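In terms of my numbering, the sequence shown opens at residue 4 and continues consecutively.
Structure record follows, encoded as structure tokens.
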Amino acid sequence: MEMPVPRLRLLANKAHIVCRLREVLSKAAVIEHATETRAYECDALSAYRCPPLAVVLPSTTAEVSEVLKICHQEGVPVVPRGAGTSLAGGALPTADCVVLGVAKLNQVIKIDYDNRFIRVGSGRTNLSVTGAVEERGFFYAPDPSSQLACVIAGNVAMNSGGAHCLKYGVTTNNLLGVTMVLMDGSVVEIGGEYADAAGLDLLGLICGSEGQLGVVTEASLRILHQPEGARPVMIGFDSSEAAGACVSDIIRAGVLPVAIEFMDRPCIRATEAFAGAGYPDVEALLIIEVEGAVSEIDFQLGKIVEIAKAHDPVEIRESRSAEESARIWAGRKAAFGAMGQINDYMCLDGTIPVSQLPLVLRRIRELSGQYGLDVGNVFHAGDGNMHPLILYDANKPGDLEKCEKMGADILRLCVEVGGCLTGEHGVGVEKRDLMHVQYSKDDLEVQLAVKDVFDPEWLLNPAKVFPLAITRGRRERVV
């Protein structure tokens, strides 16, 4: 994978840069020794690694501002980092950059139950947002599989979703406002604490911008009343195509479950061995959850089961207790970790129209045979957000490159059938050289122009999102 050439001037001036950073942060908040920065040399896309120049861990928005002012003055690239759970290399450093971690910005700043929002530091974990309000019967809806570890800053950067996004939407549908620090240290407020805040509507631009425009330090998030009840059903099929067709028919029928999750046999077996959730040994499994009053749940599940029976399911198992429901979801949440016990893998993230699920699943199986690499499928089927896990051997020469080529073919397939390159993981470094598959030259030029406005020197999160071939001219301005 090609990366920008490090600015040798910055590497030579490391001591000076670190000294300036320590003027505005405590000694412990500036990490510069090689053995300590190693923990930040990659994110969850661990196939690629690069030690940064230094790492800073500010505790306040004011400290973030001071750090960015210094880096702006010195021409130092900055890579914002949440919890490092990015699966697209969104927090991969360059050798001449300062990694700015937001983990210490984890406070609950304000809770307003009457107006249903919570304001938190962007380093707060996703799951702990719900933890702060659940005693009063509220919750925060977006629930990425990594929600125990991932933080709000990364969720905003990648517009993260989760299993329940079918009904509640992804981060952008639950984000009201942010405090953001620009590369020159300016602090700006975008959106607010209520829907339709006054001023320019830039929130949709910031959410999903992958740290290209600024560093988010605080976020106001919509909180919702917890539903009266919820219940999942597991439905097993003897083919992935049958499961995909069932999903399409459920959506076509106008039923709106809170979640529809898909797992195929390789993933089912790995997860069962890892978590012991009691999954049936079938070719494909759907986990479908509905919520509401008991009568509403019964009605919705009745319709879903009726639709499923038209596709000759092998097994239908409806949860009858809170414990059984927890077991069902525990298996799904453990899927990525379970697959990691089998082999190295690359987790893709492409979105397709739900009606194209049978076709795309068949083509992925064909590509698996063509490349000689096994694939496990686990994804949010309700909104067509696919996560094929391509298994490879990191110690076998050429296997990673073969895996990348197969992944690129799958993502091209997603675009060809009317979908897009990413649903919730972002572009990062993983998909940047495929951006031309989805966007025309003019489309990309508009996106580059937006970057120019917010970050004229192109110092924020370098080498991400945009193909290097079309950004070299802009980057060379600051070398």
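Glycine included, each C-beta is placed from N, C-alpha and C at the ideal position.
Here the structure is a predicted model, which is why all the values come from computation and not from measurement.
Cβ-Cβ separation, residue j to residue i (assumed contact under 8 Å), whole Å
i    : j    : result
V430 : E213 : 7 Å
T220 : T64  : 4 Å
Y51  : G93  : About 11 Å; that fails the 8 Å criterion.
E309 : G239 : With 8 Å as the limit, E309 and G239 do not qualify as a contact, their Cβ atoms being about 17 Å apart.
Y348 : L392 : 5 Å
H383 : E264 : 6 Å
V258 : K306 : 5 Å
K501 : V261 : This structure does not reach residue 501, given that the chain is present from 4 up to 482, and the question cannot be answered.
L185 : F457 : 7 Å
E244 : R366 : The pair is not a contact, with the Cβ atoms about 11 Å apart (cut-off 8 Å).
V432 : K467 : 6 Å
P7   : L471 : 7 Å
L130 : L178 : So it is not a contact: roughly 17 Å between Cβ atoms.
G426 : G164 : 7 Å
C-beta atoms of residue i and residue j nearer than 7 Å
i    : j    : result
L424 : K434 : yes
N162 : T175 : yes
S125 : V111 : no
V82  : P96  : yes
M389 : G353 : yes
V21  : E44  : no
I121 : I253 : no
A15  : A86  : no
R25  : D99  : no
H228 : G134 : no
I355 : V250 : no
A57  : V27  : no
R330 : A280 : yes
A200 : G207 : no
L90  : L48  : yes
V59  : V33  : yes
N464 : Q150 : no
S322 : R268 : no
A296 : E231 : yes
E286 : S242 : yes
Y282 : G334 : yes
Burial state of residue i, where buried means 16 or more other Cβ atoms lie within 10 Å
i    : result
E69  : buried
Y116 : exposed
Q76  : exposed
E294 : buried
K444 : exposed
V453 : exposed
K336 : buried
T128 : buried
T474 : buried
G247 : buried
P145 : buried
A42  : exposed
G385 : buried
P459 : exposed
E369 : exposed
L314 : One detail in the question is off: residue 314 reads as His in this sequence, not Leu. Its Cβ being crowded by 16 or more others within 10 Å, H314 is buried.
H19  : exposed
K113 : exposed
L288 : buried
Y143 : buried
G211 : buried
P400 : exposed
R23  : buried
L414 : buried
V173 : buried
C406 : buried
R480 : Reliability fails at R480, whose pLDDT of 47 lies under 50, so the model's placement of it is uncertain and the value that follows must be treated cautiously. By the 10 Å Cβ count, R480 comes out exposed.
L13  : buried
V482 : Unreliable placement is indicated for V482, whose pLDDT of 37 sits below 50; no coordinate value is reported for it.
R84  : buried
V136 : buried
Three-pair Cβ contact test at 8 Å for the region 174 to 191 versus the region 216 to 232: yes
Inter-stretch contact at 8 Å, needing at least 3 Cβ pairs: the region 336 to 352 / the region 262 to 278: yes
Every unbroken beta strand (DSSP E) within the region 385 to 452, with a cutoff of 3 residues, ordered by chain: If you keep only unbroken beta strand (DSSP E) runs of at least 3 residues inside the region 385 to 452, you get 391 to 395.
Sufficient close CB pairs (3 or more, under 8 Å) joining the region 364 to 377 to the region 394 to 405: They touch, by the three-pair rule.
In chain order, each alpha helix (DSSP H) run of at least 4 residues that lies wholly inside the region 152 to 235: 155 to 161, 168 to 171, 206 to 209
3 or more residues per run - each beta strand (DSSP E) lying fully within the region 229 to 273: 233 to 240, 262 to 267
Beta strand (DSSP E) runs wholly inside the region 53 to 90, at least 3 long, in chain order: Fully enclosed beta strand (DSSP E) runs of 3 or longer: 57 to 59, 81 to 84.
Runs of alpha helix (DSSP H) wholly within the region 318 to 381 (minimum 4 residues, chain order): 325 to 336, 338 to 345, 360 to 374
Runs of beta strand (DSSP E) wholly within the region 268 to 314 (minimum 3 residues, chain order): If only complete runs of 3 or more residues are kept, the region 268 to 314 shows the beta strand (DSSP E) at 287 to 294, in order along the chain.
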